[in-house]
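For reference, the structure discussed in these notes is given below.
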Amino acid sequence: MNGTTIPLLRAPAPVRTTCPYCGVGCGLLATPRAGASPQLAGDPEHPANAGRLCVKGAALGETLGLQGRLLRPRMRQRQHQDPHPQGAQSGPWLDLSWPKALEAVARGFGSAIERHGPDAVALYLSGQLLTEDYYVANKLMKGFIGSANIDTNSRLCMSSAVAGHKRAFGEDLVPVGYADLEQADLVVLVGSNLAWCHPVLFQRLVRARQARPAMKLVVIDPRRTATCEFADLHLPIRSGTDVWLFNGLLAFLAQQGEIEPDFVARHTRGLEQALAAARADACDLATVARTCSISQEALTTFYRWFAGHARCVSVFSQGVNQSSAGTDKVNSIINCHLFTGRIGRPGMGPFSITGQPNAMGGREVGGLANTLAAHLELANPAHRALVQQFWQSPRMADRPGLQAVQLFQAMEAGRIKAIWIMGTNPVVSLPDADQARRALAACELVVVSDVMAATDTLAYADIALPALAWGEKSGMVTNSERCISRQRAFLPAPGEARADWDMLAGVARRMGFAGFDYTHASQIFDEHARLSAYRNHPGPEDGQQRRCFNIGGLAGMDAAAYDAFQPRHWPVPPSGMASAPGSGQLFGDGVFAHEDGRARFVATPARAPAHAADARYPFILNTGRVRDQWHTMTRTGQAPTLAEHSPEPFAALHPHDGLQSGLREGALARLHTHWGAMVARVRLDAGMARGTVFVPIHWNAQFASDARVGALVNPVTDPLSGEPEFKHTPVRIEPFEAAWHGFVLMRQACRPPAEADWWVRIQGRDFERCELAGLRPLAEPRAWARQLLGAPAQADWIEYQDAGAGIYRAGHVEQGRLQACVFLSPRTDLPPRRWLGSLFAQERLGDPERASLMLGQPLQARADAGPIVCACFGVGRNTICAAIAGQGLKTTAEVTACLKAGGNCGSCLPELKHLLMA
Ligand code: SF4
35 MNGTTIPLLR APAPVRTTCP YCGVGCGLLA TPRAGASPQL AGDPEHPANA
85 GRLCVKGAAL GETLGLQGRL LRPRMRQRQH QDPHPQGAQS GPWLDLSWPK
135 ALEAVARGFG SAIERHGPDA VALYLSGQLL TEDYYVANKL MKGFIGSANI
185 DTNSRLCMSS AVAGHKRAFG EDLVPVGYAD LEQADLVVLV GSNLAWCHPV
235 LFQRLVRARQ ARPAMKLVVI DPRRTATCEF ADLHLPIRSG TDVWLFNGLL
285 AFLAQQGEIE PDFVARHTRG LEQALAAARA DACDLATVAR TCSISQEALT
335 TFYRWFAGHA RCVSVFSQGV NQSSAGTDKV NSIINCHLFT GRIGRPGMGP
385 FSITGQPNAM GGREVGGLAN TLAAHLELAN PAHRALVQQF WQSPRMADRP
435 GLQAVQLFQA MEAGRIKAIW IMGTNPVVSL PDADQARRAL AACELVVVSD
485 VMAATDTLAY ADIALPALAW GEKSGMVTNS ERCISRQRAF LPAPGEARAD
535 WDMLAGVARR MGFAGFDYTH ASQIFDEHAR LSAYRNHPGP EDGQQRRCFN
585 IGGLAGMDAA AYDAFQPRHW PVPPSGMASA PGSGQLFGDG VFAHEDGRAR
635 FVATPARAPA HAADARYPFI LNTGRVRDQW HTMTRTGQAP TLAEHSPEPF
685 AALHPHDGLQ SGLREGALAR LHTHWGAMVA RVRLDAGMAR GTVFVPIHWN
735 AQFASDARVG ALVNPVTDPL SGEPEFKHTP VRIEPFEAAW HGFVLMRQAC
785 RPPAEADWWV RIQGRDFERC ELAGLRPLAE PRAWARQLLG APAQADWIEY
835 QDAGAGIYRA GHVEQGRLQA CVFLSPRTDL PPRRWLGSLF AQERLGDPER
885 ASLMLGQPLQ ARADAGPIVC ACFGVGRNTI CAAIAGQGLK TTAEVTACLK
935 AGGNCGSCLP ELKHLLMA
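Position in the sequence shown (first residue = 1) + 34 = this note's numbering.
In structure tokens, the structure reads:
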């Protein structure tokens, strides 16, 4: 909470809301408490989680403080002459009133449009926005400004699924729900580390398997992830070979006669071409196994299991989508479900899991550059006319706009003159992220609305607009299984922060546009719901096609009804209106959204990733999430509980690759690609495929000196979806030869010193920690440390120095309490940080602790619990291993009974299982 007292907005009754992180969309109960942070708990009545939360959701209370928040509108004068690195803005910020700020945005956008036309401006949005924010942004841009240059960071994670659904089903439809996963006899996870990225859903799956042990779980992933600890079969396929695998499966099913002939004949088209393409790639099992780099035995087992289990759900996520062949990967999976008729019935179907809390809501309102509102198509003139009529808009965009990567490339080329970035951090998250810096530096007007005052992207802003954060804003979100839920405010708006839809409507009105007189989010949702039902009925006479996305039954809610809204899966057509195709269990009647009602097989000839490893860049870089962080850490980076599991950016690679590259566990390494470079801590992991390196996506310039992995990623995209290839960039990795390593723990904020060539900032509970390394030896470690720690000359200063060995340790104590400590060494094996961090919780350091500080290790055996495994109960690896060995624990349940670890959110259960098997 950073010491912030939250004033009460309402009587302390629990407020039902929804988690702002992943696409599982768990419900929470937030109970405000006088003078304390709100109490947060899982909502037992929410259909997604039935009261459960993962560690990120459980730690939301640690992210609600106002420290570092952007609280009033600001503007600064661009100073192009400033020699600031990478062209970031360095002029001083000036606070503005809201009317002046909105006027400045409207004027800036209006001027760019007047001089260069509507395609000279752009909006770049986020799956963190609420549906109402997304709706107003899309309406303003596509219906009133008249350009489709509006895209979203969802382009980076699931646009291949959107494109694949549209090709196969005729509309972007997810036909599977969470209950189907529990009812399946076989669950296939493709490119999904569900245990870490969608933990509550994974726990539902684990419990379902405990209840029905015959249920099988297959994981298809080049890495042996935490999810694999629960798998019956792991297929560590070569990165980028998914289409070969599923083409092989289609060919196998055909050869075995595992077709559902009636379903295929009556409800699909295109089998011949798809099967011919599949057979061309997968002439026999040995070829597929060799191409995918797995054993033929494992391949055959998977194919036989798929053939033999009618109730089969194939879950896919970023490992499939984030590829230059992402859309084909999606369709190659869907083809197998269509062939076997495994869709539209309980416990079966292809299931795209979204990464963000409202990626689905953004899809519903048409937040992508190539879509229109309400699942209508921008490229379809009849659809454009429908939306224009509904909006009564003056100027509709008449062609798809620029997708995320294209948008920033056009900006660098000078074609985008003004951009408004809402709730996202493209300088960190885009591929070739240094290009995003150059693009923003070249743009005439950069507007950023955010909840934080300092992000990598805000460094390039001319105007900064303070947005309401989670807990303060109100609106709707849709989770991965099409369930619409409310996010509700339970905290007052701080400073002058406003809802994103309110800012957008204010700018629209100042640009002279009618139709933006909203005073409450419910009015926007009502308009969205009405548009979804508008002329949404079968009728060749008006050229319109029935859309499955129909929530007309939710129209007409006033503010009170909107406030009381309970989670609801769509479609929800208006009463009396004929049901959309297959409502209820989507496609249950075999009717799809293509004009002829049939689904499409899509021929997916396999193709390799855009760039292969070569002599200069011999490894393949794969990027992804870690268990306890979220996106670019603007929120989770503040939570001490979440900092403990993976405190630093790391590069994981196979131990043999580490040996060959001269990289030791815990050393620092520099990674280079054709596009950029970074430094990370080496983790040797036998679960990594040979020749591959995994780096997390989260770290950025606010938390680390040199760890934006986006800067290394190849900006090549899928030709249909525009989704970048985040999982396959050729990379070189080599030792970062530091002359010294060290770290500092301080009660106050820790500013990385200039002598550190590499640093990472980590939020502790009573301190801030800075990991440091330098390329040149420190001339005077003692004087340097004193200055860094800011200790007065007469301070109680505990110190140890071995000048010959280059070791220096010091602690600064005030009134018996540890204020700061610093440890330096030429080697990386520095003292355990968790143990040292625990000393900051002590009111007084005793003699043993003072001695142990100088020794650099605890005097008592077992005082160091080791790296955190269970974040909920703060249980470390050393403690768990000691209990397993000392007490003969055999199961995760026994570990939980003994230490509580794994007994709350369950996010650490895969690691417990791994430790039990080690
Ligand atoms: Fe939030 Fe975790 Fe639920 Fe995802 S699984 S919505 S991060 S609580």
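Virtual Cβ for every residue (Gly too), placed ideally from N, Cα, C.
Do you know how far the Cα of residue j is from the Cα of residue i?
{"i": "Asp-648", "j": "Arg-766", "result": "10 Å"}
{"i": "Glu-757", "j": "Ile-796", "result": "31 Å"}
{"i": "Arg-222", "j": "Val-252", "result": "Checking the displayed sequence, the identity of residue 222 turns out to be Val instead of Arg. The straight-line gap from Cα to Cα measures roughly 5 Å."}
{"i": "Gly-274", "j": "Gly-725", "result": "13 Å"}
{"i": "Gln-115", "j": "Lys-451", "result": "Only weak support exists for where Gln-115 lies, its pLDDT of 46 falling under 50; the coordinates are left without a value."}
{"i": "Met-109", "j": "Asp-484", "result": "14 Å"}
{"i": "Leu-130", "j": "Ala-495", "result": "14 Å"}
{"i": "Leu-464", "j": "Met-175", "result": "22 Å"}
{"i": "Leu-655", "j": "Gly-721", "result": "15 Å"}
{"i": "Val-743", "j": "Ala-711", "result": "8 Å"}
{"i": "Leu-333", "j": "Lys-363", "result": "17 Å"}
{"i": "Leu-949", "j": "Cys-915", "result": "7 Å"}
{"i": "Leu-812", "j": "Ser-366", "result": "57 Å"}
{"i": "Ala-197", "j": "Val-482", "result": "29 Å"}
{"i": "Cys-346", "j": "Gly-383", "result": "7 Å"}
{"i": "Ala-501", "j": "Leu-287", "result": "52 Å"}
{"i": "Pro-117", "j": "Leu-474", "result": "Only weak support exists for where Pro-117 lies, its pLDDT of 40 falling under 50; the value from the coordinates is given anyway. Cα-Cα distance, rounded: 16 Å."}
{"i": "Leu-852", "j": "Gly-845", "result": "7 Å"}
{"i": "Gly-624", "j": "Gly-378", "result": "7 Å"}
{"i": "Thr-458", "j": "Phe-547", "result": "26 Å"}
Report whether the distance from the Cβ of residue i to the nearest heavy atom of the ligand SF4 is below 7 Å.
{"i": "Pro-72", "result": "no"}
{"i": "Pro-500", "result": "no"}
{"i": "Cys-53", "result": "yes"}
{"i": "Val-349", "result": "no"}
{"i": "His-665", "result": "no"}
{"i": "Pro-749", "result": "no"}
{"i": "Gly-396", "result": "no"}
{"i": "Asn-281", "result": "no"}
{"i": "Leu-1016", "result": "The displayed coordinates of the chain run from 35 to 952. Any statement about residue 1016 would go beyond what the structure contains."}
{"i": "Asn-83", "result": "yes"}
{"i": "Lys-176", "result": "no"}
{"i": "Pro-22", "result": "An answer regarding residue 22 cannot be provided, because it is not within the stretch 35 to 952 covered by the chain."}
{"i": "His-732", "result": "no"}
{"i": "Val-234", "result": "yes"}
{"i": "Val-58", "result": "yes"}
{"i": "Gly-91", "result": "yes"}
{"i": "Cys-370", "result": "no"}
Less than 8 Å between the CB atoms is what I'm expecting for residue i and residue j, so what's the real figure, rounded?
{"i": "Ala-953", "j": "Val-89", "result": "What the structure shows of the chain is the stretch from 35 to 952, and residue 953 is not part of that stretch, so it cannot be assessed."}
{"i": "Phe-203", "j": "Ala-633", "result": "6 Å"}
{"i": "Asp-77", "j": "Leu-63", "result": "5 Å"}
{"i": "Pro-152", "j": "Trp-132", "result": "Not confirmed; about 25 Å, so no contact."}
{"i": "Arg-103", "j": "Pro-528", "result": "6 Å"}
What is the residue span of the beta strand (DSSP E) that residue i lies within?
{"i": "Arg-564", "result": "Where Arg-564 is concerned, there is no enclosing beta strand (DSSP E), although the alpha helix (DSSP H) it sits in stretches over 555 to 567."}
{"i": "Val-49", "result": "49 to 52"}
{"i": "Ser-519", "result": "517 to 521"}
{"i": "Lys-250", "result": "250 to 254"}
{"i": "Pro-730", "result": "726 to 730"}
Taking a contact to mean a Cβ-Cβ separation below 8 Å, would you say residue i touches residue j in this structure?
{"i": "Ser-556", "j": "Gly-61", "result": "no"}
{"i": "Leu-620", "j": "Pro-81", "result": "no"}
{"i": "Gly-161", "j": "Gln-390", "result": "yes"}
{"i": "Pro-643", "j": "Ser-188", "result": "no"}
{"i": "Asp-719", "j": "Gly-435", "result": "no"}
{"i": "Leu-864", "j": "Phe-777", "result": "yes"}
{"i": "Gly-505", "j": "Ala-523", "result": "yes"}
{"i": "Ile-558", "j": "Glu-166", "result": "yes"}
{"i": "Asn-513", "j": "Gly-59", "result": "yes"}
Can you tell me whether residue i sits near the ligand FMN, meaning its C-beta is under 7 Å from at least one heavy atom of the ligand?
{"i": "Gly-161", "result": "Among the ligands in the structure shown, the ligand FMN does not appear; only the ligand SF4 can be found there."}
Please list the terminal residues of the continuous alpha helix (DSSP H) segment that includes residue i.
{"i": "Tyr-834", "result": "Looking at the DSSP string, Tyr-834 is not in any alpha helix (DSSP H); the run it does join, the beta strand (DSSP E), is 830 to 836."}
{"i": "Val-336", "result": "The sequence shown places Phe at residue 336, rather than the Val named in the question. 330 to 342 is the span of the alpha helix (DSSP H), which, as asked, contains Phe-336."}
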